[in-house]
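Numbers given in my numbering equal positions in the sequence shown, counted from 1, plus 10. Single-structure report; data block below.
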Amino acid sequence: MELLEYKTKLFELLGIQEMDQLPNALEKADDDLKKKYIEQFGLERDWIRELYQYYLADREGLKQDYTPESLASLLGAIVGKCGDIVDLCAGSGSLSLHVWPQSRIKAYEMDSNVLPFLKFNLSIHGRTAEIIQADVLNENLTAEADGVISNPPFNISNSAGYGGCRTGNWAFVMKALSMARKRAALILPVCVLREEKDKETVRKVVSGGNVEAVILCPGKMFASTSIPVCVLVLNRENHDRIVFVDASKIAEKQTREQCGQYGGSSHTGRVYKKEFSVFSDECIAQIVNVINKGEDSNFSKYVLIKEVMDNDYNLSPKCYVPNVETEEQQTKLEWIAEQYNAIIRQKNACKLVISETLAKQLGLDKELWEQAKKNSAEVAEMISKVAGAKLETEDYLTFTKSRELTIRFKSKDVLPEIFQQFVPMWVNRITLLNNLENGMLGQMRDYLLPRLMSGELKLDE
């Protein structure tokens, strides 16, 4: 069954016509309707997660990239049989569905839009759960559990300064560690393995013996982003060694087919193929086994903490496991380039072609704007040479000698009042996007500069 077909049948079952009616319908679903849902769709496939991810996830604002099933299974296997579990940033419940069935779940989620999906999903799977709407980093959460699992939003700011961390990634690490009586397992971007901004936090956690294992995952595990990830396994009990795992060596490739979900028949009738990396049950068992037994293997290495400390607290498995094929540098740059290009596309979405005369009347400085366009092209060229990342260039304003403008005027000499009101709004929007663009360029600078200085990356003559 295709996702579009599932959506159509779900709407029929719930008696709704539009997507914005779905949250309320799920919230009001009684036991009889849930029973009918199970009879019609079964529970083998997490349709709720797929539906929310494809149609409703806020990737840009809330960084919602919902957890692939095999990664969720891996985290469930790592924390094992826990009497109670905390799921931080629970989303639609992808992780909670893969923990030990007898575990009591306390699921924290900030986004009110996904709460009905989370409640419904856990309910139809018969999970005992307490669902709490909370901003994990900005609220004082004192609950503890045997195990903690989390796929938090990647690379967000830590505005509240939780744990004294400068980045959201390590703030989530510290939050999870504070709530776990035993193990905590988090899915994080691989850039955390060579952290610069939160180096003090890394030193504290590593030297304290709280990092039990680091698992490097292959790329292309998520449906909506190609960024490779890692799994950080923490433990309140001190360990004198860390197990480094290169799981990309034993992951499998899977090709999935799906028809288009929007548009006419030419799109919905077309089959799209996409390749993903997945962990089989056997692969998950191998990973958990080397962690629990602390064994070396052809994809893992048991390393003394002192060696990690002597290696400047570098948590990248490529430094310890032989022949690791890592995409760490590419990963960080991919993420920055992806965010940067999204900003540029927003700027380019509305292109203004305007005569120089009219531009002057509106206070648009031709030289300033054309210099910005030139700078954008130069930055893209430089980054391409240094790191191979492809950046899009700005193309949202062109000055012309003719009286050309996308919006046509009746008068050749008088600017309509409505247009005079529009341009300042457009300029403010561009200014906001410029600030976001500068932030991404700053992150790119912070990541590339140490590597240029160390000689890891080199500029051509």
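A virtual CB, placed ideally from N, CA and C, is assigned to each residue, including glycine.
N-terminal and C-terminal residue of the beta strand (DSSP E) that Phe409 is part of: Numbered from 1 along the sequence shown, position 399 holds the residue referred to as residue 409. From DSSP, the beta strand (DSSP E) with Phe409 extends over 407-410.
6 Å CB neighbourhood of Tyr172 in its chain, flanking five on each side removed: Translated into positions along the sequence shown, residue 172 becomes position 162. Closer than 6 Å at Cβ, skipping near neighbours: Leu147, Ala181.
Bridge partners - Glu119, DSSP secondary structure assignment: Working through the sequence shown from its first residue, we reach residue 119 at position 109. According to DSSP, Glu119 bridges with Gln143.
Cut-off 7 Å between Cβ atoms - residues of its own chain near Arg191, not counting five sequence neighbours on either side: Here residue 191 is taken as the residue at index 181 of the sequence shown, counted from 1. Short of 7 Å from the beta carbon of Arg191, and not among the five residues preceding or following it, lie these beta carbons of its own chain, in chain order: Glu154, Ala155, Asp156, Arg246.
Closest by C-alpha distance to Ala100, when choosing among Pro33, Arg439, Ser307, Ile142: As a position in the sequence shown, residue 100 is number 90, starting the count at 1. Answer by Cα proximity: Ile142.
Buried or exposed by the 16-neighbour rule on C-beta atoms within 10 Å, applied to Thr408: Along the sequence shown, read from residue 1 onward, the residue named residue 408 stands at position 398. By the neighbour-count rule (16 or more Cβ atoms within 10 Å), Thr408 is not buried but exposed.
Proximity to Lys383 [Cα-Cα], best of Ile440, Lys91, Lys209: The residue given as residue 383 occupies position 373 in the sequence shown. If we check each option's Cα against that of Lys383, Ile440 comes out closest.
Check: Gln381 C-beta below 8 Å from any heavy atom of the ligand PLP: As presented, the structure is devoid of all ligands, the ligand PLP included, so that no description of it is given.
Neighbour-count burial assignment, Gly229, 16 or more Cβ in a 10 Å radius: The residue labelled residue 229 in the question sits at position 219 within the sequence shown. The residue in question, Gly229, is buried, as its Cβ has 16 or more Cβ neighbours within 10 Å.
Sequence-distant residues of its chain with Cβ nearer than 7 Å to Ser133 (five each side left out): Here residue 133 corresponds to residue number 123 of the sequence shown, with the count starting at 1. Hits under 7 Å: Lys44.
Beta-ladder partner(s) of Ser188, from DSSP: The count along the sequence shown starts at 1 and reaches residue 188 at position 178. Ser188 has no beta-bridge partner at all, per DSSP.
Span separating the alpha-carbon of Met392 from that of Ala359: Your numbering for residue 392 matches position 382 in the sequence shown. Your numbering for residue 359 matches position 349 in the sequence shown. Their backbone Cα atoms lie some 24 Å apart in a straight line.
Within 9 Å, strictly: CB atoms of Val224 and Ile197: As a first step, residue 224 is located in the sequence shown; it is residue number 214 there, counting from the start. As a first step, residue 197 is located in the sequence shown; it is residue number 187 there, counting from the start. The answer is no: Cβ separation not under 9 Å.
Residue closest to Phe432, alpha-carbon to alpha-carbon, out of Gly449, Lys116, Leu372, Thr410: As a working note, residue 432 is residue 422 in the sequence shown. Answer by Cα proximity: Leu372.
Beta-carbon separation (whole angstroms), Leu98 vs Ser160, contact threshold 8 Å: The residue you call residue 98 lines up with position 88 of the sequence shown. The residue you call residue 160 lines up with position 150 of the sequence shown. Rounded, the Cβ-Cβ distance is 4 Å, consistent with contact.
C-alpha gap between Leu401 and Asn351, whole angstroms: One-based indexing of the sequence shown puts residue 401 at position 391. One-based indexing of the sequence shown puts residue 351 at position 341. Each residue's CA atom was taken as its position, placing Leu401 and Asn351 some 6 Å apart.
Continuous alpha helix (DSSP H) stretch holding Tyr312: start and end: In the sequence shown, the residue the question calls residue 312 occupies position 302. Counting along the chain, no alpha helix (DSSP H) covers Tyr312; the unbroken beta strand (DSSP E) around it starts and ends at 310-314.
Stretch pair the segment 113-120 + the segment 46-56: three plus CB contacts closer than 8 Å: As far as the Cβ criterion goes, the segment 113-120 does not touch the segment 46-56, which means the pair count is below three.
Nonlocal neighbours in the same chain, by C-beta distance under 6 Å from Glu37, ignoring five residues either side: Working through the sequence shown from its first residue, we reach residue 37 at position 27. Around Glu37, the same chain offers Pro126 as residues with beta carbons nearer than 6 Å, after the five sequence neighbours per side are excluded.
Contact set for Arg213: own chain, Cβ-Cβ below 7 Å, skip 5 residues either direction: Translated into the one-based positions of the sequence shown, residue 213 becomes position 203. Within the same chain, and ignoring the five residues on either side of Arg213 in sequence, the residues whose Cβ sits closer than 7 Å to its Cβ are Tyr323.
Spatial distance of Val288 from Asn299 (CA atoms): Along the sequence shown, read from residue 1 onward, the residue named residue 288 stands at position 278. Along the sequence shown, read from residue 1 onward, the residue named residue 299 stands at position 289. For Val288 and Asn299, the distance between alpha carbons rounds to 18 Å.
Unbroken alpha helix (DSSP H) run spanning Leu368, endpoints: As a working note, residue 368 is residue 358 in the sequence shown. If you look at Leu368, you'll find it in the alpha helix (DSSP H) that goes 366-371.
Buried versus exposed call for Ile294 [16 or more other C-beta atoms within 10 Å across all chains shown]: Taking the sequence shown and counting its residues from 1, one reaches residue 294 at position 284. Answer is buried; the Cβ neighbour count reaches 16.
Coil, strand or helix - Gln453 by DSSP: In the sequence shown, the residue the question calls residue 453 occupies position 443. If DSSP states are grouped into helix, strand and coil, Gln453 belongs with the helices.
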